[in-house]
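Engineer:
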Amino acid sequence: MNNIQTFTGKMYDFMAPTTDMVCLTDIAMALSRMCRFGGHCEKFYSIAEHSVLVSYLTPPSLALEGLMHDAPEAYCNDIVTGLKCLLDNYSVYEDRADQAIMNKFNLDFGKLHHPDVKSADMLALAIEYRDNMKHLNPGAWDLPEIPSECEYSISCWTPEEASAQFTNRFAELYIERVRA
């Protein structure tokens, strides 16, 4: 079998995902229950909370893409970076999920990979390390310096909070995008 059943009961096909297999509730629920860093952090910190943080760190015109930048992990799971680069075919399935998600929500695939989204993702990583990784090896990552004016920190939401925050942030940004 090349599929999984999602929280809402949809069947997601890894080989040929379509927009009708993609659902915001499934994305929010899955990401809110996956811990960043493969669980190697002080407190549970979800990919959903990370995604919300990234959405606030991007320029407003890219905030929706910032929120959705890790959405494929809802279907393909989060694989830590060090292992992900060793899995040759993983990116194929992640890209397929990306495309189905972007098509579902009429998002710009190019904006998803915009340098400002990547910069926000890296700044979020630096904030997460500062707030949730007491045994940080400073040389482990090439992290950006957190600007002194940056007021963001992580909260380590429960999965229920993270799912709700992710869903609410999506609604806020999607409505703004549609109205523009």
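The opening residue of the sequence shown carries number 1 in this note's numbering; numbering runs sequentially from there. No residue lacks a Cβ here, since even glycine has one placed at the ideal position from N, Cα and C. Keep in mind that this is a model prediction, so the values were computed, not measured.
Among residues of its own chain, excluding the 5 on either side of Asn-2, which ones have a beta-carbon nearer than 8 Å to its beta-carbon?
Structural biologist: Excluding sequence neighbours, Asn-2 sits near Asp-13, Phe-14 and Met-15.
Engineer: If you draw a straight line from the alpha carbon of Leu-64 to that of Cys-23, how long is it in whole angstroms?
Structural biologist: Rounded to whole angstroms, Leu-64 to Cys-23 spans 16 Å at the Cα level.
Engineer: Could you check the C-alpha separation between Tyr-174 and Arg-96 for me, to the nearest Å?
Structural biologist: Computed Cα separation, rounded: 22 Å.
Engineer: Roughly how many whole angstroms lie between the Cα atoms of Ile-99 and Ser-148?
Structural biologist: It is worth fixing the name first, because residue 99 is Gln in this sequence and not Ile. If I take the Cα positions, the gap works out to 36 Å.
Engineer: With a 10 Å radius around its C-beta and 16 neighbouring C-beta atoms as the bar for buried, classify Ser-32 as buried or exposed.
Structural biologist: Flag for Ser-32 reads buried.
Engineer: Regarding Glu-149 and the ligand SAH, is the C-beta to nearest heavy atom distance less than 8 Å?
Structural biologist: The ligand SAH is absent from the structure shown, which contains no ligand whatsoever.
Engineer: I need the straight-line Cα distance from Leu-9 to Ile-154, nearest angstrom please.
Structural biologist: Leu is not the amino acid found at residue 9; the sequence shown has Gly there. Answer to the nearest angstrom: the Cα atoms are 31 Å apart.
Engineer: Using the Cα positions of Ile-79 and Leu-112, report the straight-line distance between them to the nearest angstrom.
Structural biologist: Spanning the two alpha carbons is a distance of roughly 19 Å.
Engineer: For Gln-165 versus Ala-48, is the C-beta distance shorter than 9 Å?
Structural biologist: It is a contact, given that the beta carbons lie within the stated cut-off.
Engineer: Looking at C-alpha atoms only, which residue of Pro-159, Ala-171 and Asn-168 is the closest neighbour of Ala-30?
Structural biologist: Closest option to Ala-30, Cα to Cα, is Pro-159.
Engineer: At what residues does the alpha helix (DSSP H) containing Met-122 begin and finish?
Structural biologist: First-last of the alpha helix (DSSP H) with Met-122: 115-132.
Engineer: Based on the DSSP secondary-structure assignment, which residues constitute the bridge partners of Ser-46?
Structural biologist: DSSP, once it has assigned bridges, lists Cys-35 as partnering Ser-46.
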